[in-house]
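Participant: Okay, handing you the structure first.
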Amino acid sequence: STLAVWRVADGSLIWQVTGPRLGLQSPTFSSDGTRLFAASQDGALLVFDATNGERLLALPGPSPQPAICVSARDGLVVVGTSRALRFWDGAPLNR
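Those letters in the sequence shown? Residues 153 to 247, per the working numbering, in order.
Structure (structure tokens):
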């Protein structure tokens with residue numbers, strides 16, 4: 153699947169990554185805009201550098217078909233499904 157970021161002002165592509173993981177979903181920016189989180193269908197949380205698309209980290213998730221949420225106030229990252237939730241402290245992920 154493909155994950156891409158465009159510049160809103162002019163519609164130009166900033167970066168794009170295509171990876172072996174299928175079904176990237178719920179792309180969410182960190183509260184400071186430096187990271188982009190995406191969930192894969194196998195449940196992993198993928199962390200990308202929002203400026204260049206470099207994949208920084210892949211964390212195992214609870215189960216397939218996840219959804220993702222990032223708290224703007226405290227940086228908490230939550231990945232969940234109908235059967236489980238997994239929480240990460242997002243502060244170290246923003247370094």
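Cβ coordinates follow ideal geometry from the N, Cα and C atoms, glycine included. Computed from a prediction, not measured in an experiment: that's the story for all the values here.
If L127 sits next to L176, beta carbons under 8 angstroms apart, how far is it from one beta carbon to the other, in whole angstroms?
Facilitator: This structure gives no information on residue 127, because the portion of the chain shown stretches from 153 to 247.
Participant: Pick helix, strand or coil for Q193, following the three-state DSSP scheme.
Facilitator: Coil at Q193, not helix or strand.
Participant: What's the C-alpha gap between L211 and A190?
Facilitator: Whole-angstrom Cα-Cα distance: 11 angstroms.
Participant: Note the first and the last residue of the continuous beta strand (DSSP E) segment covering S164.
Facilitator: Element bounds for S164: n/a, residue is neither H nor E.
Participant: What first and last residue would you give for the beta strand (DSSP E) that runs through L176?
Facilitator: Looking at the DSSP string, L176 is not in any beta strand (DSSP E), and its letter there is neither H nor E.
Participant: DSSP three-state label for D184, please.
Facilitator: Coil.
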